[in-house]
Amino acid sequence: DGGITQSPKYLFRKEGQNVTLSCEQNLNHDAMYWYRQDPGQGLRLIYYSQIVNDFQKGDIAEGYSVSREKKESFPLTVTSAQKNPTAFYLCASSTGGGNEQFFGPGTRLTVL
Amino acid sequence: KQEVTQIPAALSVPEGENLVLNCSFTDSAIYNLQWFRQDPGKGLTSLLLIQSSQREQTSGRLNASLDKSSGRSTLYIAASQPGDSATYLCAVSRGAGGYNKLIFGAGTRLAVHP
Numbered sequence: 004d005g006g007i008t009q010s011p012k013y014l015f016r017k018e019g020q021n022v023t024l025s026c027e028q029n030l031n032h033d034a035m036y037w038y039r040q041d042p043g044q045g046l047r048l049i050y051y052s053q054i055v056n057d058f059q060k061g062d063i064a065e066g067y068s069v070s071r072e073k074k075e076s077f078p079l080t081v082t083s084a085q086k087n088p089t090a091f092y093l094c095a096s097s098t099g100g101g102n103e104q105f106f107g108p109g110t111r112l113t114v115l
Numbered sequence: 041k042q043e044v045t046q047i048p049a050a051l052s053v054p055e056g057e058n059l060v061l062n063c064s065f066t067d068s069a070i071y072n073l074q075w076f077r078q079d080p081g082k083g084l085t086s087l088l089l090i091q092s093s094q095r096e097q098t099s100g101r102l103n104a105s106l107d108k109s110s111g112r113s114t115l116y117i118a119a120s121q122p123g124d125s126a127t128y129l130c131a132v133s134r135g136a137g138g139y140n141k142l143i144f145g146a147g148t149r150l151a152v153h154p
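Order-wise, the sequence lines are chains A and B.
According to my numbering, the first sequence is numbered sequentially starting from 4.
According to my numbering, the second sequence is numbered sequentially starting from 41.
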């Protein structure tokens with residue numbers, strides 16, 4: 004089955020900790036994205052990667068970091084610099100910028 | 041700056057009704073528009089994608105229309121069922137290739153009751 008997987012489904016972070024959210028896709032898509040969703044709001048773009056070893060900041064990149072060492076993988080690290088990290092995080096991929104995006108099941112991050 | 045608005049924010053209808061969800065955007069220079077469905081605590085499922093050159097797309101009981109000049113799109117759901125209960129999100133893309141992000145609306149939360 005082709006698709007996008009995210010892990011873990013639930014993640015709890017203590018103050019001052021860095022945590023990494025996993026996103027893997029086997030759709031052979033070049034572009035991958037990370038979004039944040041807060042209750043009652045639309046999705047906001049955190050980071051975007053068009054090809055391996057390249058990524059760009061989205062609208063709310065502060066306190067987050069990413070890497071794109073493999074085409075299939077686009078992990079997101081939520082650093083201690085992110086002051087309000089509690090949210091639902093969604094990863095997506097597409098064949099290229101502007102094309103139809105497909106989403107993973109999401110990771111819910113809670114700060115304790 | 042592109043802004044996407046969805047009205048109403050919430051909608052409750054009896055089973056069997058035909059209904060329309062609205063999406064408006066401020067900048068008509070879009071590449072395409074996508075409608076998504078999101079169940080509680082889940083990711084987004086792509087329902088329909090309309091290219092800027094198209095006027096509508098259909099999939100089963102769903103029909104999405106696009107009027108670029110007026111900055112509007114509607115999602116029509118025919119013969120609604122309780123299984124249609126979810127949040128529906130629309131998003132617009134600015135262009136093809138390169139860095140072209142989706143701009144999302146806040147969604148319409150739909151409840152279809154038996």
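Where a beta carbon is used, it is the ideal one built from N, C-alpha and C, also for glycine.
Query raised in the report: Given a threshold of 16 other Cβ atoms within 10 Å of its Cβ, counted over all protein chains shown, does GLN53 (chain A) qualify as buried or as exposed?
Result: By the C-beta density criterion, GLN53 (chain A) is buried, having at least 16 other C-beta atoms within 10 angstroms.
Query raised in the report: So ALA95 (chain A) and TYR38 (chain A) are in contact, right, with Cβ under 8 Å, and what is the actual spacing, rounded?
Result: The Cβ separation is near 7 Å, so the contact holds.
Query raised in the report: Any beta-carbon of chain B closer than 8 Å to the one on GLU65 (chain A)?
Result: No, because no Cβ of chain B sits closer than 8 Å to the Cβ of GLU65 (chain A).
Query raised in the report: Taking C-beta to C-beta, are ASN72 (chain B) and GLY101 (chain A) nearer than 8 Å?
Result: Going by beta carbons, ASN72 (chain B) and GLY101 (chain A) fall inside the 8 Å limit.
Query raised in the report: Given that TYR71 (chain B) touches chain A, what residues does it touch there, using C-beta distances under 8 Å?
Result: Here the neighbours are GLY101.
**Report entry** ASP107 (chain B), enclosing beta strand (DSSP E) - first and last residue
**Finding:** Counting along the chain, the unbroken beta strand (DSSP E) around ASP107 (chain B) starts and ends at 102-107.
Report task. Thinking VAL114 (chain A) and THR82 (chain A) are a contact (beta carbons under 8 Å), I'd like their distance in whole angstroms, please. Result -> The pair is not a contact, with the Cβ atoms about 12 Å apart (cut-off 8 Å).
Query raised in the report: Going along the chain, which residues of the stretch 74-98 of chain B sit with their C-beta nearer than 8 Å to a C-beta in chain A?
Result: Here the close residues are GLN74, PHE76, GLY81, LYS82, GLY83, LEU84, THR85, SER86 and LEU89.
Requested in this report: Please check the pair TYR36 (chain A) and LEU48 (chain A), which I expect to be a contact at CB under 8 Å, by giving their CB distance rounded to whole angstroms.
Outcome: Between the beta-carbon of TYR36 (chain A) and that of LEU48 (chain A) there is about 6 Å, and that keeps the pair under the 8 Å contact cut.
Report task. Could you tell me whether any Cβ in chain B is nearer than 8 Å to the Cβ of TYR51 (chain A)? Result -> At least one chain B Cβ lies under 8 Å of TYR51 (chain A).
Query raised in the report: Can the beta-carbon of LEU51 (chain B) be found closer than 8 Å to that of LEU150 (chain B)?
Result: Contact annotation: LEU51 (chain B) and LEU150 (chain B) have beta-carbon atoms nearer than 8 Å.
Query raised in the report: My guess is that GLU103 (chain A) and LEU89 (chain B) are in contact by the Cβ rule of under 8 Å, so how many angstroms apart are they, rounded?
Result: About 5 Å; that satisfies the 8 Å criterion.
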